[in-house]
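In case it helps, my numbering puts the sequence shown at residues 268 to 517.
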Amino acid sequence: PPLSNAVSDSIGDRISAMAKKHRVFMSRLWNWFQSLTGSLSFLSSQPTATTPSKLSSEQAALKLQRIYTLVYLLAIGADWVQGPYVYALYSMYGYSSREIGVLYVTGFASSAIFGTFMAALADRVGRKKIVVVFCLVYTVSCLVKHSSEFFMLFIGRLLGGVAYSIMCSVFESWFVQQHALLNLKPQVLSETFSKVQFWNGITAILAGQVAGSAAQKWGKVAPFDIAAIIFMITAALVVLLWTENYGDAS
Numbered sequence: 268p269p270l271s272n273a274v275s276d277s278i279g280d281r282i283s284a285m286a287k288k289h290r291v292f293m294s295r296l297w298n299w300f301q302s303l304t305g306s307l308s309f310l311s312s313q314p315t316a317t318t319p320s321k322l323s324s325e326q327a328a329l330k331l332q333r334i335y336t337l338v339y340l341l342a343i344g345a346d347w348v349q350g351p352y353v354y355a356l357y358s359m360y361g362y363s364s365r366e367i368g369v370l371y372v373t374g375f376a377s378s379a380i381f382g383t384f385m386a387a388l389a390d391r392v393g394r395k396k397i398v399v400v401f402c403l404v405y406t407v408s409c410l411v412k413h414s415s416e417f418f419m420l421f422i423g424r425l426l427g428g429v430a431y432s433i434m435c436s437v438f439e440s441w442f443v444q445q446h447a448l449l450n451l452k453p454q455v456l457s458e459t460f461s462k463v464q465f466w467n468g469i470t471a472i473l474a475g476q477v478a479g480s481a482a483q484k485w486g487k488v489a490p491f492d493i494a495a496i497i498f499m500i501t502a503a504l505v506v507l508l509w510t511e512n513y514g515d516a517s
């Protein structure tokens, strides 16, 4: 319909105009992101304390379960904290349902596109490094929510889609590969994933309470700030606790 085409053209023109306006800012943001990613990637490639050469099988399994569960629940918890307030924030900024729909579709499309090759990329580059990148990307996605401009929110949704595609594949791949490298019992996998799913539900409830209290006290952007802090803590823990692993070369 003509009205629908006009609205789409208007949104497209707005994104194009804002992209030109923020070109310098985006260039600086990209340079900062590359620098930070490079630093953390270097740190993540250093030896860590998780190589259990002197641990028994039971001790190694318990240690692996703990560091995986801790990192995963922090990451998923941060996602639970900010997720319920995405629509509310866009609405507060005065965007129409159609414009909000465009932002949502952008995030879904980004996740669908990057999800097709993100796991394979992690196999080549290293899953630990990609999880660190996940934390950084999702942090930036949360921080840009402070801007009410459509282009910045558009970039935030793109980055959020990239991060979500990582969260849905690379975390579990790291754990499964680490389990295989340590030659642990098969039941360790099922036990760990069962516990993680249970605590995921508890985490979602707690995250909802935290987000609700923060939004009521400091405004609807507060949950995104809390999520950004949690993501950075998660990145630090990954660097310190996780061992790098890769996909099968074949």
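Here a beta-carbon is modelled for each residue, glycine too, at the ideal position from N, C-alpha and C. Every value quoted in this text rests on a predicted model; they were computed, and no experiment measured them.
Check, Outcome
"Asp515 classed as buried or exposed, judged by whether at least 16 other C-beta atoms fall within 10 angstroms", "exposed"
"Rounded C-alpha distance that separates Glu416 from Ser364", "16 Å"
"Distance, Met434 Cα to Val404 Cα", "11 Å"
"Expected contact under 8 Å - CB spacing of Leu340 and Trp466 to nearest Å", "6 Å"
"Cβ pair count under 8 Å reaching 3, the stretch 411-425 against the stretch 448-466", "no"
"Continuous alpha helix (DSSP H) stretch holding Trp441: start and end", "Val437 to Leu448"
"Touching by the beta-carbon criterion (3+ pairs, under 8 Å), the stretch 373-384 and the stretch 428-446", "yes"
"N-terminal and C-terminal residue of the alpha helix (DSSP H) that Trp485 is part of", "Gln454 to Trp485"
"Cut-off 6 Å between Cβ atoms - residues of its own chain near Ser432, not counting five sequence neighbours on either side", "Ser378, Phe381, Gly382 and Met385"
"Inter-stretch contact (C-beta, 8 Å, three-pair minimum) for the stretch 472-492 and the stretch 347-361", "yes"
"Val372, buried or exposed, once every other Cβ within 10 Å from all chains shown has been counted against 16", "exposed"
"Residues near Thr459 by beta carbon distance below 6 Å, same chain, minus five either side", "Gln332"
"For Asp390 and Pro453, the rounded distance between their alpha carbons", "22 Å"
"Secondary structure of Glu366, DSSP reduced to three states", "helix"
"Through-space distance from Gly479 to Leu451, alpha-carbon basis", "41 Å"
"Cβ-Cβ distance between Ala471 and Cys409 below 7 Å", "no"
"Exposure of Leu448, with buried meaning 16 or more beta-carbon neighbours within 10 Å", "exposed"
"For Lys360, three-class secondary structure by DSSP", "Looking at the sequence provided, one finds Tyr at residue 360 rather than Lys. Here Tyr360 sits in coil by DSSP."
"Burial state of Gln476 (16 or more Cβ within 10 Å)", "exposed"
"Cα-Cα separation, Thr318 to Gly428", "For Thr318, the pLDDT reaches just 47, beneath the cut-off of 50, and the residue's location in the model is therefore unreliable, leaving the point undetermined."
"Neighbourhood of Leu425 by C-beta distance below 7 Å, restricted to the same chain and skipping five residues each side", "Thr373 and Ser377"
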